[in-house]
Amino acid sequence: MLGQLDYVLNFLAYLAVTIPILAMGIFVFTITTPYKEFDLIKQGAQTDDPKKMAAAKAASHDLGGKIIGLAIVLASAVYHSVNLWDLVIWGIVGMVFQVIIFYLFEWVTPFKVVSEIPNGNVSVGIFASRLSIAAGLLMAALISY
């Protein structure tokens with residue numbers, strides 16, 4: 001029975017570290033883009049304006065993909081980490097690289113991602129989302145000892 005308690009405490013410790021890192025990632029993602037994802041999403045939900053609704057969809061796809069990508073990295077970090085500090089380090093690395101991936105995407109495309117998403121280009125939001133998820137999968141695979 002005592003062994004089971006250790007497992008539960010270990011689970012809670014890793015959860016207590018992982019959830020704040022994910023929340024911090026969401027915060028970092030929203031301050032590193034020139035548009036405000038949550039504002040776009042809220043405006044799209046409170047209007048009949050097709051452009052605002054499309055901007056909300058594009059922003060939610062983009063932000064959602066970053067969150068999923070970071071969650072994938074965190075899941076791998078939990079699995080591979082040797083202690084909680086290791087998890088924190090990999091979580092921060094994953095967060096930083098998700099931001100870098102977004103700006104690399106901005107740099108290599110012939111259009112401005114930071115303009116297209118708030119203008120309602122849903123396809124750019126979906127593509128950015130899938131890129132973030134793919135980057136998260138690759139980063140997760142790279143975490144090993």
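Quick note on the UniProt record's numbering: the sequence shown kicks off at 1 and runs consecutively. Even for Gly, the Cβ is constructed at its ideal location relative to N, Cα and C.
Distance between residue j and residue i (C-alpha atoms, nearest Å)
i, j, result
"residue 174", "LEU9", "Look at the range of the chain in this structure, 1 to 145, and you will see that residue 174 is not part of it."
"LYS112", "ALA45", "24 Å"
"GLY91", "ILE31", "18 Å"
"ASN119", "ALA55", "6 Å"
"GLY125", "ASP6", "43 Å"
"residue 157", "LYS42", "For the chain, the structure presents residues 1 to 145; residue 157 sits outside this window and is missing."
"VAL114", "GLU37", "11 Å"
"THR47", "ASP39", "12 Å"
"LEU74", "THR18", "7 Å"
"ASP86", "ILE117", "35 Å"
"VAL78", "TYR14", "7 Å"
"LYS66", "SER81", "22 Å"
"ALA23", "PRO110", "32 Å"
"SER123", "LYS52", "15 Å"
Per-residue burial, residue i [other beta carbons within 10 Å of its own, 16 or more giving buried]
i, result
"PHE11", "exposed"
"LEU70", "buried"
"GLN4", "exposed"
"LEU131", "buried"
"ASN83", "exposed"
"PHE27", "exposed"
For this session: Return the chain-ordered ranges of every alpha helix (DSSP H) run that is complete within the region 50-120 and spans a minimum of 4 residues.
Result: 50-80, 84-108, 113-116
Exercise. Is it true that the region 22-36 meets the region 50-68, where meeting means three or more beta-carbon pairs spaced less than 8 Å apart?
Worked result: yes
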